[in-house]
Each structure stands twice: as structure tokens, then as C-alpha cells.
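**Student:** When you line the sequence shown up against the working numbering, it's residues 17 to 412, in that order. Sharing a structure below in C-alpha cells format, with a few things to ask.
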Amino acid sequence: MPSKIVIRRSYRLKDKPAPKYDYQDYLKVAILTAINSSPPTTMQKIRKQKKGEVIDNLGINAKRKTRSETNKKYDDIFTAVVANAFLMDVKKTPAQYFFKAEKRMAQKRKGEFVELIGPGPEEKDDEDEEDEDVIVVVEKKAKSLEVEVLTQESFECACGQRFGQHSDCHRHIYEEHGDNELNAECRQCGKRLDDIRTSNVCQVCGEFSDNLDDHIASHYRNCTARSAVMECRFCTKQFMTVKQVMEHEQQKHIQKQVKKAKPCYKCNECSVECQTQEGLAMHYSRHMDIHLLCARIAELQYKVQAEKEECPFCRVHVSSRKTFRVHMLKQHYAACKSLVLMNFLPPDQPNPLNFMEVKREVEEMTANAAATSDKMPRAIKQEVKEEVHDDEYPSF
């Protein structure tokens with residue numbers, strides 16, 4: 017009898033889960049994606065906008081409410097502080113206030129100590145000593161709280177006038193007091209007018225200066241740059257330091273002029289006399305605007321086609337800008353005074369003026385200015401002669 021054939025079966029396939037394929041949920045995923053990516057409708061937009069406005073209004077109202085509550089708290093605190101300030105005894109000094117406060121605290125501490133330990137016979141004897149200790153501590157604190165008043169140092173002239181700075185007192189003595197006045201003396205350092213002239217008065221222009229070295233150097237610098245050199249006031253030589261140029265002037269120029277008459281340059285506007293032309297030119301800056309004059313001279317040089325250091329009136333060439341300014345103010349002062357009042361660049365006249373026209377206009381304005389300046393002294397002299405009689409003049 018044939019034997020039965022046993023077929024061996026595997027049960028692993030039955031237990032294995034079925035594979036999942038992407039196409040099963042494809043339709044569901046596509047629908048959800050389309051719904052989420054679709055733009056919102058008009059109604060959805062309106063609802064969202066209204067919801068945001070409501071939230072904003074709620075936030076604004078909450079902020080306003082918080083701000084009002086905070087302001088109310090600050091007002092209450094300020095009212096309480098003011099009321100407390102009015103109730104305080106402001107007549108007490110810091111020493112009195114701290115003395116009473118320390119005494120009150122000492123009594124409070126003493127009462128607590130008595131309640132805990134109880135009164136003893138030695139405490140009555142030590143009460144006076146404790147009070148003295150408290151008074152000493154309070155006095156020390158009161159002294160530490162005292163405000164120290166710092167008084168500003170003042171410098172007094174012999175005439176009684178006070179100044180905040182020492183140099184101001186010296187300037188006052190130089191400008192207000194004469195050589196023969198007995199009270200022309202600084203009470204701080206004892207310097208008189210002669211000493212102040214030596215240490216603070218410039219020998220070139222006669223002006224008072226706090227820093228005489230820097231002021232004197234300004235007379236010799238040929239420009240305002242850092243590379244400026246010191247130029248002699250009498251010749252074209254240049255030096256590196258003020259000491260060198262002053263020694264050169266003393267040896268080469270000033271000693272030779274001792275035998276000659278002392279030069280004197282008078283101002284055309286007032287009675288001031290200067291020893292040098294440069295000092296007179298610097299003095300003229302008080303009577304007219306030098307910056308405006310330089311601008312006018314530059315415009316005039318452009319009109320007449322002159323060079324930078326060439327005089328537009330006499331066509332003289334000078335070596336430096338400082339010498340050019342001195343030449344213009346000394347030789348052509350009336351013309352410079354007229355230039356300040358002129359305008360060479362009118363908007364309706366773009367073409368440059370002719371040299372002869374400019375010269376004619378300057379001469380006319382110069383003549384008018386000279387005639388006006390001559391009339392003023394004559395009128396003043398006439399008034400003085402009418403008011404003062406001959407017999408009233410003092411006899412020597």
C-alpha cells in the first residue's frame with residue numbers, strides 16, 4: 017500500500033500583513049489638500065476681519081484702563097506726599113529733628129529691654145550716660161549733614177571793584193586807571209600798571225592779552241596753518257620761532273631806528289596812534305568788517321583781472337597776504353571803506369564790469385566819503401567855538 021505523501025505547508029504568509037499601497041489614500045489626500053489650499057471666501061474674510069477688530073478694541077480698552085488706574089495710583093501717592101509735607105514741622109533744623117528721632121528710638125529700645133529683662137538698680141544710674149552718648153551721636157550726624165558753602169574767590173582792585181578772574185582785574189587796571197593814579201594796583205599780587213604793561217600788554221598793537229606769547233606769535237605768523245613760520249615785520253625773512261624773529265628785528269631793524277624819529281601812524285577815523293603799520297591795520301578792523309572787505313577786494317581783483325597778491329588800484333605786487341592787507345588799509349583806506357558799501361555782482365548784470373568803470377565808481381564813492389568825513393570835524397569845531405569863549409581858556 018503506497019504511503020501517503022505529507023505536504024508541508026507554511027503558515028507565515030497567513031500571518032504576514034497585507035502591504036499598503038499609496039494609491040489607496042490618494043483620493044482622500046488630494047481632496048484634503050485642495051480644501052486646505054483653496055483661497056478663503058469673502059464671508060470668511062469678513063468674519064476674520066471683524067474678529068481681529070474686536071480683539072484690537074479689547075486690547076486698547078484694557079491698555080486705557082490700566083493706564084488710568086496707574087495714573088490714579090500716582091495721583092494718590094502725590095497727594096499723600098504733599099499732605100504729609102504740609103503736616104511736617106518744617107521749622108526744625110536737621111540737628112533738632114535727628115536729636116528727637118534718635119531720642120525716640122532710644123526710648124523705644126530701652127522700653128523693649130526693660131520688658132524683657134526688667135528694671136535694675138544700675139539702669140537708673142546709667143540713664144544720664146546713655147542720654148549723653150545719644151546726644152554726642154546726634155551732634156556728629158548733624159555736623160555731617162551740614163552743607164558747606166563754597167565761596168568763589170574774587171580779585172579786588174585798589175579802587176574797590178571786584179572781578180571773578182585775576183586777568184580781568186589786570187585788564188581793568190590797564191584800561192581804566194592812568195599812570196599817576198595811586199589806586200592803580202592789584203591787591204592780590206601787588207602789580208601796578210607798569211608791571212601789567214610788561215607782562216600782559218602787546219608791544220606791537222598795544223592790546224591786553226591773557227597769554228602774551230600766543231598773542232605776539234599771531235603778529236608774526238604768515239598763515240594760520242600748522243606749518244606757519246614767523247615772518248619779520250620789516251623785511252621778507254622768515255624764522256621758525258618767535259624768539260628768533262624778535263632777536264632779528266631788534267638787531268637789524270629796531271636798533272637802527274633808535275636814532276631816527278619814532279614813527280607814528282594815526283587812524284583816519286579816531287585819534288588812536290600806532291607805532292607800526294600792522295598795528296594800524298589791526299586797529300582799522302574795529303571800524304569796518306575785514307572779512308567783507310577781503311571778499312570785496314577778491315571780487316574787484318576778478319573784475320579787473322588782477323593777480324591774487326596784486327593791488328587792484330595801483331597794480332603793486334606784494335610778497336604775502338598780510339602785507340597786502342596792510343597795504344590796502346594804509347594806502348587805500350578811503351577806497352576800502354567805499355568797497356565795503358559796494359556790490360560788484362548784481363543779479364541783473366552778469367557781464368563783468370570794465371576796469372575803468374570800477375575805478376570811476378570807486379573814486380566817486382571815495383570822494384563822497386572824504387567830503388562827509390571832512391564836514392563832521394568842521395561842524396564839531398564850530399559848535400565848540402560857539403559854546404566856549406576865548407577868555408574862558410586856562411592860562412599857563
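We put the CB at the ideal spot given by N, CA and C, even for glycine. Owing to the predicted nature of the structure, the values given are computational and were not obtained by experimental measurement.
If Ala297 and Lys346 are in contact, beta carbons under 8 Å, what's the gap, nearest whole angstrom?
**Tutor:** Position 281 of the sequence shown holds residue 297. Position 330 of the sequence shown holds residue 346. The pair is a contact, with the Cβ atoms about 7 Å apart (cut-off 8 Å).
**Student:** Tell me which residues share the same chain as Gly180 and place their Cβ nearer than 6 Å to its Cβ, disregarding the 5 neighbours each side in the sequence.
**Tutor:** The residue given as residue 180 occupies position 164 in the sequence shown. Same-chain partners within the cutoff: there are none.
**Student:** DSSP beta-bridge partners for Met246?
**Tutor:** The sequence position of residue 246 within the sequence shown is 230, counting from 1. BP columns for Met246 point to Arg237 and Phe255.
**Student:** Rounded to whole angstroms, what's the CA-CA distance from Val217 to Gln317? Just pull it up for me.
**Tutor:** Here residue 217 refers to the residue found at position 201 when the sequence shown is read from its first residue. Here residue 317 refers to the residue found at position 301 when the sequence shown is read from its first residue. Going from the Cα of Val217 to the Cα of Gln317 covers about 37 Å.
**Student:** Mind checking whether Val342 and Glu265 have CB atoms under 7 Å apart?
**Tutor:** Locating residue 342 in the sequence shown gives position 326, counting from the first residue. Locating residue 265 in the sequence shown gives position 249, counting from the first residue. No. Outside cutoff.
**Student:** Once DSSP output is grouped into helix, strand and coil, what is the label at Tyr334?
**Tutor:** As a working note, residue 334 is residue 318 in the sequence shown. Sequence inspection shows Val at residue 334; the Tyr mentioned does not correspond to that position. In this structure, Val334 counts as coil in the three-state DSSP scheme.
**Student:** Which residue comes first and which comes last in the alpha helix (DSSP H) that contains Asp210?
**Tutor:** Residue 210 sits at position 194 when you count from the first residue of the sequence shown. Element bounds for Asp210: Leu209 to Asn216.
**Student:** With a threshold of 7 Å on Cβ separation, who are the neighbours of Gln177 within its own chain once the five nearest residues in sequence on each side are excluded?
**Tutor:** Residue numbering aside, residue 177 sits at position 161 when the sequence shown is read from its first letter. Closer than 7 Å at the Cβ level, and outside the excluded window around Gln177, lie His188.
**Student:** How many whole angstroms separate the CB atoms of Phe171 and Gln219, which I take to be in contact at a CB cut-off of 8 Å?
**Tutor:** Within the sequence shown, numbered from 1, the residue matching residue 171 stands at position 155. Within the sequence shown, numbered from 1, the residue matching residue 219 stands at position 203. Not quite, the Cβ-Cβ distance comes to about 25 Å (not below 8 Å), so this is no contact.
**Student:** Nearest-angstrom Cα distance between Ser84 and Ile93?
**Tutor:** Residue 84 sits at position 68 when you count from the first residue of the sequence shown. Residue 93 sits at position 77 when you count from the first residue of the sequence shown. Computed Cα separation, rounded: 14 Å.
**Student:** Among all the DSSP beta bridges, which residues are the ones paired with Tyr281?
**Tutor:** As a working mapping, residue 281 is identified with position 265 in the sequence shown. Answer by DSSP bridge pairing, in chain order: Cys290.
**Student:** Give every residue of the same chain whose Cβ lies closer than 7 Å to the Cβ of Val334, excluding the five residues on either side of it in the sequence, and list them in chain order.
**Tutor:** Working through the sequence shown from its first residue, we reach residue 334 at position 318. Around Val334: Glu325, Phe340 and His343.
**Student:** Determine whether the beta carbon atoms of Cys283 and His299 lie at a separation below 7 Å.
**Tutor:** On the sequence shown, residue 283 is found 267 positions in, with the first residue counted as 1. On the sequence shown, residue 299 is found 283 positions in, with the first residue counted as 1. It is a contact, given that the beta carbons lie within the stated cut-off.
**Student:** Which residues in the same chain have their Cβ closer than 7 Å to the Cβ of Ser225, if we skip the five residues on either side of it in sequence?
**Tutor:** On the sequence shown, position 209 is the one that residue 225 refers to. Same-chain partners within the cutoff: Asn216, Cys218 and His231.
**Student:** Near Ala233, which residues of its chain fall below 6 Å by C-beta distance, leaving aside the five closest residues on each side in sequence?
**Tutor:** For the purposes of this step, residue 233 is taken as the residue at position 217 of the sequence shown. Cβ neighbours of Ala233 beyond the five flanking positions: Val258.
**Student:** Exposed or buried, what is Ile270 when buried is set at 16 or more other beta-carbons lying within 10 Å of its beta-carbon?
**Tutor:** What you label residue 270 is simply residue 254 of the sequence shown in a count that begins at 1. Under this definition Ile270 is an exposed residue.
**Student:** From Tyr190 to Gly222, what distance separates their C-alpha atoms?
**Tutor:** On the sequence shown, position 174 is the one that residue 190 refers to. On the sequence shown, position 206 is the one that residue 222 refers to. Going from the Cα of Tyr190 to the Cα of Gly222 covers about 11 Å.
**Student:** To the nearest angstrom, how far is the alpha carbon of Thr8 from that of Glu285?
**Tutor:** The structure shown does not extend to residue 8, since the chain spans only 17 to 412, so no value can be given for it.
**Student:** Can you say whether Arg80 is buried or exposed, counting buried as having 16 or more other CB atoms within 10 angstroms of its CB?
**Tutor:** Translated into positions along the sequence shown, residue 80 becomes position 64. Exposed is the call here.
**Student:** Name the two residues that bound the continuous alpha helix (DSSP H) containing Asp184.
**Tutor:** The residue given as residue 184 occupies position 168 in the sequence shown. Its alpha helix (DSSP H) spans residues His182 to Glu192.
**Student:** Considering only their Cβ atoms, is the gap separating Cys202 from Cys175 smaller than 7 Å?
**Tutor:** As a position in the sequence shown, residue 175 is number 159, starting the count at 1. As a position in the sequence shown, residue 202 is number 186, starting the count at 1. The answer is no: Cβ separation not under 7 Å.
**Student:** Return the CA-CA distance between Arg208 and Cys280, expressed in angstroms with no decimal places.
**Tutor:** For the purposes of this step, residue 208 is identified with residue 192 of the sequence shown, where counting begins at 1. For the purposes of this step, residue 280 is identified with residue 264 of the sequence shown, where counting begins at 1. Rounded to the nearest angstrom, the two C-alpha atoms are 27 Å apart.
**Student:** Taking only three categories from DSSP, how would you classify Glu85?
**Tutor:** Here residue 85 corresponds to residue number 69 of the sequence shown, with the count starting at 1. Helix, per DSSP.
**Student:** Would you list the one or two residues that DSSP bridges to Cys175?
**Tutor:** In the sequence shown, the residue the question calls residue 175 occupies position 159. Partner(s): none; Cys175 has no beta bridge.
**Student:** Who are Cys202's beta bridge partners in DSSP?
**Tutor:** Your numbering for residue 202 matches position 186 in the sequence shown. According to DSSP, which records beta bridges pairwise, Cys202 is partnered with Cys173.
**Student:** What is the rounded straight-line gap between the Cα of Gln267 and the Cα of Arg249?
**Tutor:** To locate residue 267, count along the sequence shown from 1; it is residue 251. To locate residue 249, count along the sequence shown from 1; it is residue 233. Looking at the two C-alpha atoms, the distance is approximately 13 Å.
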